[in-house]
Amino acid sequence: MTATDCLICAMEEAEESATVFRDPLWACEIIPGFDVPGWFVLRVRRHAERLTGLDEEELAVFGRRARDLVGAVSEVTGAAATYLLVFGERNPHFHVLVAARGEDVPEDRRNGDILRLRAERADPVAAARLVPAVREAYLRLSREALPAASG
Numbered sequence: 284m285t286a287t288d289c290l291i292c293a294m295e296e297a298e299e300s301a302t303v304f305r306d307p308l309w310a311c312e313i314i315p316g317f318d319v320p321g322w323f324v325l326r327v328r329r330h331a332e333r334l335t336g337l338d339e340e341e342l343a344v345f346g347r348r349a350r351d352l353v354g355a356v357s358e359v360t361g362a363a364a365t366y367l368l369v370f371g372e373r374n375p376h377f378h379v380l381v382a383a384r385g386e387d388v389p390e391d392r393r394n395g396d397i398l399r400l401r402a403e404r405a406d407p408v409a410a411a412r413l414v415p416a417v418r419e420a421y422l423r424l425s426r427e428a429l430p431a432a433s434g
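Numbering follows this note's numbering, in which position 71 of the sequence shown is assigned residue number 354; successive positions increment by one, without gaps.
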């Protein structure tokens, strides 16, 4: 697969209304087809396949981005659980699905079965309405996590 064939690379063209953040290494958006309210995709911006394809800087930053995004999604949605899912078979470009799981999700749709909600609860409009609040919470949490400047 090349970057020109990659669905995840194509997210570089995502609308601002679907974008939580973009920095030089990582981005987070709502991806069509996974537009369940409270679901976001965190992806490395360059075409890197699988976790093993990340360079040292991308790998070092990934943990902070994932932590801050999970915190923001959990805060905004009030989710009972927020999953961080990595598969990468169909789209090997390294990305993770951050999926909020509310109390209203039945037992047979929890854990890995949450992906069954993809069709059942898709709502692009409601998903997009969450972006500004998640963006604001993410930015606040990522700033709070910065180490104090040494003087």
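Here a beta-carbon is modelled for each residue, glycine too, at the ideal position from N, C-alpha and C. Being a predicted model, the structure only gives us computed values, none of them experimental.
For A420, does the three-state DSSP call read helix, strand or coil?
Reduced to three states, the DSSP call for A420 is helix.
Spatially closest choice to I291 from L424, N394 and E332, by CA coordinates:
Closest in alpha carbon position to I291, among L424, N394 and E332, is E332.
Return the residue from the list I397, V379 and N374 that minimises the CA-CA distance to G230.
Absent from the structure is residue 230, since the part of the chain shown begins at 284 and ends at 434.
Is it true that the CB of D306 sits closer than 8 Å to the CB of L424?
Going by C-beta atoms, L424 is not nearer than 8 Å to D306.
If we ignore side chains and look at the alpha-carbon of each, how far apart do V414 and R401 end up?
In this structure, the straight-line span from the alpha carbon of V414 to that of R401 is close to 18 Å.
Taking 8 Å as the limit between beta carbons, can you name the residues of its chain near P315, skipping five residues before and five after?
Closer than 8 Å at Cβ, skipping near neighbours: P407.
Buried versus exposed, by CB contacts within 10 Å (16 or more), E299
E299 comes out exposed.
Can you round the beta-carbon distance between E325 and H378 to whole angstroms, since I take them to be within the 8 Å contact cut?
Going by the sequence as given, residue 325 is Leu instead of Glu. The Cβ separation is near 7 Å, so the contact holds.
I'd like the ranges of any beta strand (DSSP E) spanning at least 3 consecutive residues and lying wholly in the region 359-427.
As far as the region 359-427 is concerned, its whole beta strand (DSSP E) runs of at least 3 residues are 364-368 and 378-384.
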